[in-house]
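Residue numbers (this note's numbering), protein chains in the order written: chain X, 1 to 263; chain A, 1001 to 1263.
There are 2 protein chains.
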Amino acid sequence: MADPRHEEGEHRFLADYDPHAFAPAAVTVDVVALTIRSGVPHVLLTRRAAYPQRGWWALPGGFVRAQDGPDGPADPDLPDAALRVLSEKTRLPTELHLEQLGTYGARDRDPRMRVFSVAYVLLAPDLPDPDTGRDTEEAAWVPWSELGHGDGVRAGLDLAFDHGRVLADGVERARSKLEYTPLATAFLPPAFTITALREVYEAVWGRSLHAANFHRKILAAPGFVEDTGRLAERGGAGGGRRARLYRAGGATQLHPPLLRNTQ
Amino acid sequence: MADPRHEEGEHRFLADYDPHAFAPAAVTVDVVALTIRSGVPHVLLTRRAAYPQRGWWALPGGFVRAQDGPDGPADPDLPDAALRVLSEKTRLPTELHLEQLGTYGARDRDPRMRVFSVAYVLLAPDLPDPDTGRDTEEAAWVPWSELGHGDGVRAGLDLAFDHGRVLADGVERARSKLEYTPLATAFLPPAFTITALREVYEAVWGRSLHAANFHRKILAAPGFVEDTGRLAERGGAGGGRRARLYRAGGATQLHPPLLRNTQ
DNA sequence: CTAAGTTCAGCTCAGTTCGAGAAAAACTCT
DNA sequence: AGAGTTTTTCTCGAACTGAGCTGAACTTAG
């Protein structure tokens, strides 16, 4: 590999290379930003102010900056692009979980040109209402329930491009991640109670769980939560024992997992 | 949304749009093709005949055809591109599982230009030795063990670009898929024995499993396998009872899952 | 043919986990 | 103080798990 003839050939090849020889294709990032507000799961949506699909609701997203240009420096990597795009719509929290969902590149998903969209899922604790950014008429946290019928999120419902499909995939990813990882804590502030954690599961899975058994399983899973030694300021709305406060533990996988079709 | 002024504006916008106004970026697909040959997991690798990184081992891959061009028609979607690229290296089986792994787009991963690589994982039954395709010096099924130290696959080991990382992610995806889905059958011919299925798990996870308990769990998981009513042609190498033959069942998820750190 | 060895498939049993409910502990409100 | 609420722990039968054993079915050596 370190053969100097190879090195020289590599050099000459790169000097002669014309990147514009390829057919144009664009790469965008779209973000499925999920949060829970008073027990109800929400997704961040924007109304498109620019063509195409002007006026439609869409996931926040934008073109990846492949090179330094007039709009700003290149995005070093795809997650940087996702965070940049999202920070143009809303103020980002310090604690968050960003994870790649998938890439969508069907031929006719965008009428302008061939567009490949890398989708990300963001799980975040309750965020402030978004500011309206550029290229955006409106941005808002929208409950999942307004996008589907009751419990499920249905694909292609009133969203631009194929964003209904992307959103449905993102929701399914979140539901499945809660089974096998301790990521439910990403929806919560740094210190939280077991009840708050259970309410995250109940909101995302859309079903109720047995409180006592949930408690037992969470404490039995090594590294899921750590006791802070503190107690919640006060009990629930109508009184009750003050709950212990926990912080997220160091585990990245849950053993055993919490399966969504069990109690 | 069906406002005719919007429709007209959309039309005029698209007519005036210049796709070449964007900075050049390329989209490629790379395939982590995994199979099992005599109990040993293998990955399909090619040696690059073209610059850059000429002479290095790499995952089979190539540029996505965004538009119809001299090389052929556009790829309708990303999975089509992955199958096309792979079919240029080896003959594909009829039964296979193709799944998107992720997209890699760090700024300096390719010296030519900004390249975004959509990686796919392919799980396949034992395939024939690959033909050497164009742009390829050599193509071969390589045991995982030659790429890492013993049980693990380590990143960045002798592979071009960031393909070591991509391969490691693909192997981890396969290991994890075997826990929660019945995809182990994708490594096997249409009819197989429980022992063959167990050997898939043992090969991919790199550990031995308790045969009797494995048998019990497979038959207890609804929809994992279906009895064909037939028996294997003969017993094992050194004699023995003829095993029953099963086919893949209709399930897409395993309940309960087969966790890799249990027996 | 017979005996020994091998593989497959089913069984057993102790230990663990699970679902469901009850009970205890800690707190609020009247 | 007493009733009601919420959190946390406990109980118990059912189900499941890991480990080994046993019998059935087959091959090979002698």
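C-beta: ideal position from N, C-alpha, C; glycine also.
Under 8 Å between the Cβ atoms of residue 1056/A and residue 1160/A?
A distance below 8 Å separates the beta carbons of residue 1056/A and residue 1160/A.
If you draw a straight line from the alpha carbon of residue 35/X to that of residue 231/X, how long is it in whole angstroms?
Straight-line spacing of the CA atoms in residue 35/X and residue 231/X works out to 24 Å.
Around the C-beta of residue 1099/A, are 16 or more other C-beta atoms found within 10 angstroms, so that it is buried, or is it exposed?
Answer is buried; the Cβ neighbour count reaches 16.
To be precise: take each residue of the segment 1111-1134 of chain A, compare its Cβ to all Cβ atoms of chain X, and keep it if any distance is under 7 Å. Which residues remain?
Those residues of the segment 1111-1134 of chain A that come within reach of chain X (Cβ to Cβ, closer than 7 Å) are 1111, 1112, 1113, 1114, 1116, 1118.
For residue 1224/A, which of 1025/A, 1107/A, 1191/A has the nearest alpha-carbon?
Ranking 1025/A, 1107/A, 1191/A by Cα distance to residue 1224/A puts 1191/A first.
Quick check for students: name the residue ranges of the beta strand (DSSP E) that lie wholly in the segment 195-257 of chain X, counting only runs of 3 or more.
Fully enclosed beta strand (DSSP E) runs of 3 or longer: 225-231, 244-248.
Any beta carbon of chain A sitting closer than 8 Å to that of residue 162/X?
Chain A contact via Cβ: absent.
How big is the Cα-Cα spacing for residue 151/X and residue 260/X?
Confidence at residue 151/X is low in this model, with a pLDDT of 44, below 50, so the placement of that residue should be treated as unreliable; the coordinate-derived value is given next. Spanning the two alpha carbons is a distance of roughly 14 Å.
Selection from 66/X, 219/X, 250/X that minimises the alpha carbon distance to residue 186/X:
For residue 186/X, the nearest C-alpha among the options comes from 250/X.
Which two residues bound the contiguous beta strand (DSSP E) that contains residue 1146/A?
Per DSSP, residue 1146/A is not a residue of any beta strand (DSSP E), being assigned neither H nor E.
Within the same chain, show all residues whose beta-carbon is closer than 7 Å to that of residue 253/X, passing over the 5 residues directly before and after it, in chain order.
Excluding positions up to five away in sequence, the list reads 180, 181.
Quickly, what does DSSP pair residue 1187/A with across the bridge? List them, please.
Answer is none; residue 1187/A lacks a bridge partner.
Can you find a C-beta in chain A that's less than 8 Å from the C-beta of residue 34/X?
It does not; no Cβ of chain A falls within 8 Å.
Residue 1262/A classed as buried or exposed, judged by whether at least 16 other C-beta atoms fall within 10 angstroms:
Answer is exposed; the Cβ neighbour count stays below 16.
Is there contact here, the segment 67-80 of chain X with the segment 1085-1101 of chain A, by at least three beta-carbon pairs under 8 Å?
The segment 67-80 of chain X is not in contact with the segment 1085-1101 of chain A.
Go through the segment 52-125 of chain X residue by residue and report every complete run of the beta strand (DSSP E) that reaches 3 residues or more, in order.
Within the segment 52-125 of chain X, the complete beta strand (DSSP E) runs of at least 3 residues are 61-63, 97-104, 115-123.
Residue 1255/A CB to nearest chain X CB: under 8 Å?
Residue contact check for residue 1255/A against chain X: a CB pair falls below 8 Å.
Excluding the five sequence neighbours on either side, which residues of its own chain have a C-beta within less than 7 Å of the C-beta of residue 1196/A, listed in chain order?
Same-chain partners within the cutoff: 1188.
Reduced DSSP secondary structure (H/G/I, E/B, other) of residue 1167/A
Under the three-state reduction of DSSP, residue 1167/A is assigned to helix.
Nonlocal neighbours in the same chain, by C-beta distance under 6 Å from residue 203/X, ignoring five residues either side:
If we look at residue 203/X and ignore the five residues flanking it on each side, its Cβ neighbours are 36, 39, 41.
Using a C-beta to C-beta distance shorter than 7 Å, which residues of chain X count as neighbours of residue 1102/A?
Within 7 Å Cβ-Cβ: 100.
Tell me which residue opens and which closes the beta strand (DSSP E) that residue 30/X is part of.
Residues 26-37.
Taking the alpha carbon of residue 1162/A as the reference point, which residue from 1175/A, 1088/A, 1097/A, 1105/A has its own alpha carbon closest?
Measuring from the Cα of residue 1162/A, the nearest candidate turns out to be 1105/A.
8 Å contact criterion, which residue 974/A and residue 1086/A should meet: CB distance rounded
Residue numbering for chain A in the displayed model covers 1001 to 1263; residue 974/A lies beyond these limits and cannot be assessed.
Alpha carbon to alpha carbon, how far is residue 65/X from residue 112/X? Give it in angstroms, no decimals.
Each residue's alpha carbon lies about 18 Å from the other.
Neighbour list for residue 223/X in chain A, Cβ cutoff strictly below 8 Å
Near residue 223/X there are no residues of chain A at all, since even the closest Cβ is about 14 Å away, more than 8 Å.
Whole-number beta carbon distance between residue 1144/A and residue 1171/A, since they are thought to touch under 8 Å:
A Cβ-Cβ distance of about 7 Å is found for the pair residue 1171/A and residue 1144/A, placing them in contact under the 8 Å criterion.
By Cβ distance, which residues of its chain are closer than 7 Å to residue 226/X, with the 5 residues on each side in sequence left out?
Taken in chain order, the residues that qualify are 246, 247, 249.
With the cut-off set at 8 Å, would you say residue 142/X and residue 43/X are in Cβ contact?
Yes. Within cutoff.
Just the chain A side, please: which residues come within less than 8 Å of residue 27/X by C-beta, in chain order?
Chain A residues near residue 27/X: 1025, 1027, 1105, 1116.
Can you give the Cα-Cα distance for residue 1118/A and residue 1096/A, rounded to whole angstroms?
Straight-line Cα distance between these residues: approximately 19 Å.
Quick one: is residue 78/X near chain A, going by C-beta distance under 8 Å?
True, the Cβ-Cβ gap to chain A drops below 8 Å.
Answer with buried or exposed for residue 68/X, where buried requires no fewer than 16 other C-beta atoms within 10 angstroms of its C-beta.
A residue is called buried once 16 or more other Cβ atoms fall within 10 Å of its Cβ, and residue 68/X, having fewer, is exposed.
Residue 1261/A touches chain X at which residues, Cβ-Cβ below 8 Å?
Per Cβ cutoff of 8 Å: 255.
Would you list the one or two residues that DSSP bridges to residue 11/X?
In the DSSP secondary-structure assignment, residue 11/X is not bridged to any residue.
Applying a beta-carbon distance threshold of less than 9 Å, which residues of chain A neighbour residue 220/X?
Per Cβ cutoff of 9 Å: no residues; residue 220/X is ~15 Å from chain A at best.
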